[in-house]
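Notes follow the structure.
There are 2 protein chains.
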Amino acid sequence: MADSQRVLVVGGTHGNEVTGVHLVRRLQRNPQELTRDSFTAQTLLANLPAMAANRRYLEQDLNRCFTAALLNSEPQNGEQVLAHEINEKYGPKGADSPTDWIIDLHTTTANMGVTLVVQQHDPQAVDMALYVQQKMPDVVIFDENCTRDEDPFLCSIGQHSMLIEVGPVPQGLLRWDVFEQTARALAHALDFIDLRARGEDSLPSPRQADMYQFIEKLHLPRDEHGAICGMIHPELQDRDYRELSPGDPIFISVDGETIPFDYPESVHVAFVNEAAYYDQAHGLSLMRKRTVSWEGE
Amino acid sequence: MADSQRVLVVGGTHGNEVTGVHLVRRLQRNPQELTRDSFTAQTLLANLPAMAANRRYLEQDLNRCFTAALLNSEPQNGEQVLAHEINEKYGPKGADSPTDWIIDLHTTTANMGVTLVVQQHDPQAVDMALYVQQKMPDVVIFDENCTRDEDPFLCSIGQHSMLIEVGPVPQGLLRWDVFEQTARALAHALDFIDLRARGEDSLPSPRQADMYQFIEKLHLPRDEHGAICGMIHPELQDRDYRELSPGDPIFISVDGETIPFDYPESVHVAFVNEAAYYDQAHGLSLMRKRTVSWEGE
Numbered sequence: 001m002a003d004s005q006r007v008l009v010v011g012g013t014h015g016n017e018v019t020g021v022h023l024v025r026r027l028q029r030n031p032q033e034l035t036r037d038s039f040t041a042q043t044l045l046a047n048l049p050a051m052a053a054n055r056r057y058l059e060q061d062l063n064r065c066f067t068a069a070l071l072n073s074e075p076q077n078g079e080q081v082l083a084h085e086i087n088e089k090y091g092p093k094g095a096d097s098p099t100d101w102i103i104d105l106h107t108t109t110a111n112m113g114v115t116l117v118v119q120q121h122d123p124q125a126v127d128m129a130l131y132v133q134q135k136m137p138d139v140v141i142f143d144e145n146c147t148r149d150e151d152p153f154l155c156s157i158g159q160h161s162m163l164i165e166v167g168p169v170p171q172g173l174l175r176w177d178v179f180e181q182t183a184r185a186l187a188h189a190l191d192f193i194d195l196r197a198r199g200e201d202s203l204p205s206p207r208q209a210d211m212y213q214f215i216e217k218l219h220l221p222r223d224e225h226g227a228i229c230g231m232i233h234p235e236l237q238d239r240d241y242r243e244l245s246p247g248d249p250i251f252i253s254v255d256g257e258t259i260p261f262d263y264p265e266s267v268h269v270a271f272v273n274e275a276a277y278y279d280q281a282h283g284l285s286l287m288r289k290r291t292v293s294w295e296g297e
Numbered sequence: 001m002a003d004s005q006r007v008l009v010v011g012g013t014h015g016n017e018v019t020g021v022h023l024v025r026r027l028q029r030n031p032q033e034l035t036r037d038s039f040t041a042q043t044l045l046a047n048l049p050a051m052a053a054n055r056r057y058l059e060q061d062l063n064r065c066f067t068a069a070l071l072n073s074e075p076q077n078g079e080q081v082l083a084h085e086i087n088e089k090y091g092p093k094g095a096d097s098p099t100d101w102i103i104d105l106h107t108t109t110a111n112m113g114v115t116l117v118v119q120q121h122d123p124q125a126v127d128m129a130l131y132v133q134q135k136m137p138d139v140v141i142f143d144e145n146c147t148r149d150e151d152p153f154l155c156s157i158g159q160h161s162m163l164i165e166v167g168p169v170p171q172g173l174l175r176w177d178v179f180e181q182t183a184r185a186l187a188h189a190l191d192f193i194d195l196r197a198r199g200e201d202s203l204p205s206p207r208q209a210d211m212y213q214f215i216e217k218l219h220l221p222r223d224e225h226g227a228i229c230g231m232i233h234p235e236l237q238d239r240d241y242r243e244l245s246p247g248d249p250i251f252i253s254v255d256g257e258t259i260p261f262d263y264p265e266s267v268h269v270a271f272v273n274e275a276a277y278y279d280q281a282h283g284l285s286l287m288r289k290r291t292v293s294w295e296g297e
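From first to last, the protein sequence lines stand for chains S and Y.
End of the first sequence sits at 297 in UniProt numbering; the numbers just go up one at a time, nothing left out.
End of the second sequence sits at 297 in UniProt numbering; the numbers just go up one at a time, nothing left out.
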């Protein structure tokens, strides 16, 4: 029977996030894990040169190369060439993409547990995240909060997409807890696609979920030459998703001086001390926590 | 007054172990932290090209380039050239090295706390480690267990040397807890050099210490093509310095199969899931715990 859903599972979009790489290789050896009644998912190891170098990327972060603007321009580096090739094979990006679902497997050095990154303009993806959260109650739903055209993620070239982000785990190594949680979240996501393809809906109607909506990234303390000269305050380290209020300790200088949070409102934090953010000297992301309600299909 | 001791503090021997890099930069801005009655320590950021690339090394691990054999051969790559230059400036390696002490600052992704790596053939360094342990009782003393000629570490070109290894911290990022512990261990080590230079000895005589002596590294599970296909067992993850007995779970395959420890004796473990070991597919180090006694000077 032809697949009623075209589903793609991706690892290695960041070459040093090896959990997704090894999980995709396991799935390739065990295709029954990719199979449901209505489809067998395909797999992609996205950035092979970066994987070989055990680096996030070689010239540009591949997961920032899938905006409509970049996909419609002449590619300027190896990752942009790769993005065009991937978009040609699994896209083109747009509401009519031939790929129904893309699920991309990522890790973080931050203590974020299992975070499901979706876009609020994709209610089916929000449904998927809510379904996984029913099965794994500690899972956090994160709204990346940008339009499809602006969305730079690889998974944005599918009609619907979800990014599974699990941590804490250092770059370039495997931890069983992170690996197993990633596999479990992915399995539930594939179950969801199958249930939906067969017209089943186990979610309450109307649905309701707590979501963390991305606001902005903040820079680490930097000296007059732009060099990093401070780090996450120990009271904030490992406390992803906690509320941070104006005046709370946020950073500490290398000399041990506490730097308070200077912001007009209380917010929540994520990607606290993410190693991949250091190339831009970013220390964390700020989020708004919102309770969202929406109708079922 | 001329320094009675020539002391060198090194960071950036591994370019992505940024704790030492940022600590050395702090010390360079605050030379009083490097100063004791009998000396002002010098500093070195050892592998600038690797630091710029945020990688452990570019062509070869610099901290494997200081064996007598390599220092006496024509250099074959950038790191070997660097090793020759460093040996020319601060060595030559040997019992008569003009540098009395080298302290090299490292980090690990393993849950090793503060580990002081010394060589048993350097009793002054073992004394230094014991002194630091008096001040910081959780510190572990690790005997690298090789001769001076075979010792590949940068710090081996000094008359006496100690490597301060602190974790867990991912590569390429700063954690205050790790940074602060590193600074504290270093300050105690410099105090020790100064006390010793002034003829003082606060250590008991005879001395006694528990030391972990390196035996060998073990490979991660690998498939028929040599690719990694398993990881540290969750019961062993984060349990550095615990005893591991034959039959205990040591690895788990990506498919979830537990692999027991197949070894003729009970040993202790360190560098459990060190990211830097993955290039050689090593998963951990095995150690023998010994109680050592020796006479004071």
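Beta carbons are placed, not taken as given, at the ideal position from N, Cα and C, and that holds for glycine.
Predicted model, so just to flag it, every value in this text is computed and none were measured.
From S:Asp127, S:Gly158 and S:Cys146, residue whose alpha carbon lies closest to that of glutamine 119 of chain S: To locate residue 119 of chain S, count along the first sequence from 1; it is residue 119. Of S:Asp127, S:Gly158 and S:Cys146, the residue nearest in Cα terms is S:Cys146.
Three-state secondary structure (DSSP) of glutamine 134 of chain Y: Taking the first residue of the second sequence as 1, we reach residue 134 of chain Y at position 134. Here glutamine 134 of chain Y sits in helix by DSSP.
Beta carbon proximity, isoleucine 232 of chain Y to chain S, threshold 9 Å: Residue mapping note: residue 232 of chain Y aligns to position 232 of the second sequence, counting from 1. Cβ-Cβ to chain S under 9 Å: yes for isoleucine 232 of chain Y.
Proximal residues of chain Y, C-beta to C-beta of histidine 106 of chain S below 9 Å: As a position in the first sequence, residue 106 of chain S is number 106, starting the count at 1. In chain order: nothing, as chain Y lies at least about 15 Å away.
Below-9 Å beta-carbon distance, glutamine 28 of chain S vs any chain Y residue: Against the first sequence, residue 28 of chain S aligns to sequence position 28. Answer no: the Cβ-Cβ gap between glutamine 28 of chain S and chain Y never drops below 9 Å.
Length-filtered (3 minimum) beta strand (DSSP E) runs lying within the stretch 105-171 of chain Y: 113-118, 140-143 and 160-167
Burial state of threonine 291 of chain S (16 or more Cβ within 10 Å): Reading the first sequence from its first residue, position 291 is the one you call residue 291 of chain S. When all chains shown are included, threonine 291 of chain S counts as exposed.
Contact with chain Y by glutamate 99 of chain S, beta-carbon distance below 9 Å: What you label residue 99 of chain S is simply residue 99 of the first sequence in a count that begins at 1. According to the sequence as given, residue 99 of chain S is threonine; it is not glutamate. No, no contact with chain Y.
Burial state of alanine 52 of chain S (16 or more Cβ within 10 Å): Walking along the first sequence from the start, residue 52 of chain S turns up at place 52. With fewer than 16 other Cβ atoms within 10 Å, it is exposed.
Supposed contact pair glutamine 159 of chain Y and serine 97 of chain Y - C-beta distance, whole angstroms, cut 8 Å: Here the question's residue 97 of chain Y lines up with position 97 in the second sequence. Here the question's residue 159 of chain Y lines up with position 159 in the second sequence. That pair is a contact at about 5 Å.
Residues in the stretch 152-176 of chain S having any Cβ partner in chain Y nearer than 7 Å: Pro170, Gln171, Gly172, Leu173, Leu174, Arg175 and Trp176
Any 3 or more C-beta pairs closer than 8 Å across the stretch 166-184 of chain Y and the stretch 13-30 of chain Y: yes
Straight-line Cα distance separating tyrosine 277 of chain Y from leucine 45 of chain S: Taking the first residue of the first sequence as position 1, residue 45 of chain S is located at position 45. Taking the first residue of the second sequence as position 1, residue 277 of chain Y is located at position 277. Cα to Cα, the separation comes out at about 23 Å.
Rounded separation between serine 156 of chain S and alanine 69 of chain S - CA only: For the purposes of this step, residue 156 of chain S is taken as residue 156 along the first sequence, with counting starting at 1. For the purposes of this step, residue 69 of chain S is taken as residue 69 along the first sequence, with counting starting at 1. Near 13 Å, if we compare the C-alpha coordinates of alanine 69 of chain S and serine 156 of chain S.
Cβ-Cβ distance between tyrosine 57 of chain Y and glutamate 33 of chain Y below 9 Å: Position 57 of the second sequence holds residue 57 of chain Y. Position 33 of the second sequence holds residue 33 of chain Y. No, these two residues do not count as a Cβ contact at 9 Å.
The ligand ZN heavy atom lying under 8 Å from the CB of aspartate 194 of chain S: Summarising the ligand content, the structure contains no ligands, and the ligand ZN is consequently not present.
Contact with chain Y by arginine 25 of chain S, beta-carbon distance below 9 Å: Along the first sequence, one-based indexing puts residue 25 of chain S at 25. So, interface residue.
Touching by the beta-carbon criterion (3+ pairs, under 8 Å), the stretch 81-97 of chain S and the stretch 123-143 of chain S: no
CA-to-CA distance, glutamate 295 of chain Y to proline 206 of chain Y, given in whole angstroms: Counting from one through the second sequence, the residue named residue 206 of chain Y turns up at place 206. Counting from one through the second sequence, the residue named residue 295 of chain Y turns up at place 295. When rounded, the distance between both Cα atoms is 4 Å.
Beta-bridge partners of glutamate 243 of chain S, as assigned by DSSP: Counted from its first residue, the first sequence places residue 243 of chain S at position 243. Answer is S:His268.
Neighbour list for tyrosine 278 of chain Y in chain S, Cβ cutoff strictly below 9 Å: For the purposes of this step, residue 278 of chain Y is taken as residue 278 along the second sequence, with counting starting at 1. Those are Val18, Asn54, Gly172, Leu173 and Leu174, listed as they occur along chain S.
Beta carbon proximity, histidine 22 of chain S to chain Y, threshold 9 Å: Here residue 22 of chain S is taken as the residue at index 22 of the first sequence, counted from 1. So, interface residue.
Counted within 10 angstroms of its Cβ, other Cβ atoms place glycine 91 of chain Y as buried (16 or more) or exposed: Taking the second sequence and counting its residues from 1, the one referred to as residue 91 of chain Y is at position 91. Label assigned to glycine 91 of chain Y: buried.
Counterpart residues of leucine 8 of chain Y in DSSP-defined beta bridges: For the purposes of this step, residue 8 of chain Y is taken as the residue at position 8 of the second sequence. For leucine 8 of chain Y, which the question treats as bridged, DSSP gives the partners Y:Gln42 and Y:Ile102.
Residue burial classification, glutamine 208 of chain S (beta-carbon count within 10 angstroms, cutoff 16): On the first sequence, position 208 is the one that residue 208 of chain S refers to. By the neighbour-count rule (16 or more Cβ atoms within 10 Å), glutamine 208 of chain S is not buried but exposed.
Span separating the alpha-carbon of aspartate 262 of chain S from that of aspartate 248 of chain S: Within the first sequence, the letter at position 262 stands for residue 262 of chain S. Within the first sequence, the letter at position 248 stands for residue 248 of chain S. Their backbone Cα atoms lie some 8 Å apart in a straight line.
Every unbroken beta strand (DSSP E) inside the stretch 211-239 of chain Y [3 residues or more]: 230-232
CB-CB length for leucine 218 of chain Y against histidine 282 of chain Y, believed under 8 Å: The residue labelled residue 218 of chain Y in the question sits at position 218 within the second sequence. The residue labelled residue 282 of chain Y in the question sits at position 282 within the second sequence. With 8 Å as the limit, leucine 218 of chain Y and histidine 282 of chain Y qualify as a contact, their Cβ atoms being about 7 Å apart.
Proximity of valine 166 of chain S and threonine 115 of chain S at Cβ, strictly below 9 Å: Residue numbering aside, residue 166 of chain S sits at position 166 when the first sequence is read from its first letter. Residue numbering aside, residue 115 of chain S sits at position 115 when the first sequence is read from its first letter. Yes. Within cutoff.
Proximity to methionine 211 of chain S [Cα-Cα], best of S:Arg222, S:Thr107 and S:Leu286: Taking the first sequence and counting its residues from 1, the one referred to as residue 211 of chain S is at position 211. Per the Cα distances, S:Leu286.
Endpoints, the alpha helix (DSSP H) within which proline 49 of chain S is located: If you number the first sequence from 1, residue 49 of chain S lands on position 49. Here the alpha helix (DSSP H) through proline 49 of chain S covers 48-53.
Same chain, Cβ closer than 8 Å to arginine 239 of chain S, five either side skipped, listed in chain order: On the first sequence, position 239 is the one that residue 239 of chain S refers to. If we look at arginine 239 of chain S and ignore the five residues flanking it on each side, its Cβ neighbours are Asn111, Val269 and Val272.
Endpoints, beta strand (DSSP E) assigned at valine 178 of chain Y: In the second sequence, counting from the first residue as 1, residue 178 of chain Y sits at position 178. Note, valine 178 of chain Y: premise wrong, no beta strand (DSSP E); alpha helix (DSSP H) at 176-197.
Test: glycine 113 of chain S CB closer than 9 Å to a CB of chain Y: By 1-based counting over the first sequence, the position of residue 113 of chain S is 113. By this cut-off, glycine 113 of chain S is not an interface position.
Proximal residues of chain S, C-beta to C-beta of isoleucine 252 of chain Y below 8 Å: For the purposes of this step, residue 252 of chain Y is taken as the residue at position 252 of the second sequence. Those within 8 Å of isoleucine 252 of chain Y in chain S are Trp176.
Nonlocal neighbours in the same chain, by C-beta distance under 7 Å from asparagine 77 of chain S, ignoring five residues either side: For the purposes of this step, residue 77 of chain S is taken as residue 77 along the first sequence, with counting starting at 1. Result list for asparagine 77 of chain S: Glu59 and Gln60, in chain order.
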